[in-house]
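Participant:
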Amino acid sequence: MPDVRQYLNGYQPQLIEQIETLINEERLGEALRKRYPEPHQLGSNKALYDYVLDLKQSYMKQSGSLSKVVYDEKIHVINHALGLHTQISRVQGGKLKSKNEIRIGSVFKKMPLPFLRMICVHELAHLKVKDHNKAFYKLCQYMEPEYHQFEFDTRLYLTHQAFFGDLYE
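Next comes the structure, spelled out in structure tokens:
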């Protein structure tokens, strides 16, 4: 049996109790579907790349370029990773070239657009701020004012998925 705290560790005990009640009454999915009626339609790596590039152009024009944005089957939520930002540096001739890549867990292929946006914003913010500090979360909220709500709701979705499976199948 999954543990409700797997994705909700650190939240108030009263809130976790409310979520446990929704799980026990099998109403968590209903609550999520009411707020987020359908998954996004950005299923391909090309569509994901274009979406992230649009976000970057809107909020972070001066940051480094992105060479790749893909859904990655190897990223496992169980390992506490939803996405990854990597910077690859290579010497070419006498110059050091760096490439930024973003990999999004494939679990996001079937989630609502706000959840995908939250993880994309999170990984884009790492282009400027490497650590999860106050400046990092301020940048996330600049790009997505409801960042913290969408992060929490994503955790609820992952909790639902652990107990009952995918919400939109």
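The opening residue of the sequence shown carries number 1 in the UniProt record's numbering; numbering runs sequentially from there.
Cβ coordinates follow ideal geometry from the N, Cα and C atoms, glycine included.
1) Does the pairing of the segment 131–146 with the segment 97–109 give three or more beta-carbon distances under 8 Å?
2) DSSP beta-bridge partners for Asp72?
3) Helix, strand or coil for Leu167 per DSSP?
4) Go ahead and pull the three-state DSSP assignment for Ser58.
5) Please state whether the Cβ-Cβ distance between Asp166 and Lys74 is less than 9 Å.
6) Can the beta-carbon of Leu113 be found closer than 9 Å to that of Leu15?
7) Distance, Cα to Cα, Val69 vs Ser44?
Facilitator: This is what the structure holds:
1) The segment 131–146 makes no contact with the segment 97–109; the number of CB pairs closer than 8 Å stays below 3.
2) Start at 1 with the first residue of the sequence shown, and residue 72 comes out as number 72. As computed with DSSP, Asp72 is found in a beta bridge with Gly105.
3) Taking the first residue of the sequence shown as 1, we reach residue 167 at position 167. In the structure shown, the three-state DSSP call for Leu167 is coil.
4) Walking along the sequence shown from the start, residue 58 turns up at place 58. Here Ser58 sits in helix by DSSP.
5) By 1-based counting over the sequence shown, the position of residue 166 is 166. By 1-based counting over the sequence shown, the position of residue 74 is 74. When the beta-carbon positions are compared, Asp166 and Lys74 stay at least 9 Å from each other.
6) Within the sequence shown, numbered from 1, the residue matching residue 113 stands at position 113. Within the sequence shown, numbered from 1, the residue matching residue 15 stands at position 15. Contact flag unset, no.
7) Start at 1 with the first residue of the sequence shown, and residue 69 comes out as number 69. Start at 1 with the first residue of the sequence shown, and residue 44 comes out as number 44. Between Val69 and Ser44, the C-alpha separation is close to 10 Å.
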